[in-house]
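Here's the structure, in structure tokens; my notes come after.
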Amino acid sequence: RFLATYNSLTDKHLVGYFSNARIRRHLQRSGLISRSGRIIPEQEYRLNAMRRDHQRYVQECLARAIFHKVLDMERHHQLEIKRKLEYSVRKERVQKIKVRFECCLSWRHKFLFFQVKQLRRSVEDAIPKHSPHPPLSPRNHNPLVAGERAGRSQWRAPGLAVDYGGGYPPHQHRPKEPVPSK
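Using full-length UniProt numbering, the letters of the sequence shown correspond one by one to residues 1 to 182.
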């Protein structure tokens, strides 16, 4: 019983020990005595200890929340940097492809222009420019269809849409009259 009620802070034999400045500072930090030196009762001490523990817990929770928030912000920032970098790399690739494509188009355009030019030359070489086609029938023989003279379309060269004046050379403007047969 006596030991259950014993308080070393009130022991008259330990007054010298507790009057030491270093020990007093330790007792104040522990919450056993006040700044004025008054001994804090046990109930008040327990209440203060619970408040301190709760305060530490809240501070730790806040510190953890701040730490995680900072980590999330950093992750978000890194992802944003990565996204911008990937976007710029993609944009650069597209730009390179466009330049190559335009270069190829330019080269291809020149090549196609050259091919068309060659094709025109070969076609022009195959079709004589200034020589008319000879008449398809003899000059003195004009076929008659139902008593009338045949139309100009029968005197055209096959496959060409050029009319040479009814099958006669261009220097003759009128066809000769057919000779009556005897």
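In this text, a Cβ means the ideal position worked out from N, Cα and C, and glycines have one as well.
Suppose the cutoff is 7 Å on Cβ atoms and the five residues either side in sequence are ignored; what does the same chain contact list for residue i look like?
i, result
"LEU14", "SER8"
"GLU148", "Model confidence at GLU148 stands at a pLDDT of 48, short of 50, so the residue's coordinates are unreliable; what they give is reported in the following sentence. Taken in chain order, the list of residues that qualify is empty."
"ASN20", "none"
Cα-Cα, which of the options is closest to residue i?
i, options, result
"THR5", "GLU42, SER122, VAL89, LEU62", "GLU42"
In the DSSP assignment, find the alpha helix (DSSP H) that holds residue i and state where it starts and stops.
i, result
"GLY37", "GLY37 -> no alpha helix (DSSP H), and no H or E assigned at all."
"residue 189", "A query on residue 189 cannot be resolved here, the shown segment of the chain reaching from 1 to 182 and no further."
"TYR6", "TYR6 -> no alpha helix (DSSP H), and no H or E assigned at all."
Skipping 5 residues on each side, what residues in its chain have a beta carbon closer than 8 Å to that of residue i?
i, result
"ASN48", "GLY31, ILE40"
"GLN95", "none"
Do residue i and residue j have their C-beta atoms within less than 8 Å of each other?
i, j, result
"PHE18", "ARG25", "no"
Keeping to the same chain, check which residues put their C-beta closer than 6 Å to that of residue i; ignore five residues upstream and five downstream.
i, result
"LEU27", "ILE33"
- Are the stretch 32-46 and the stretch 1-17 in contact at 8 Å, needing three or more beta carbon pairs? yes
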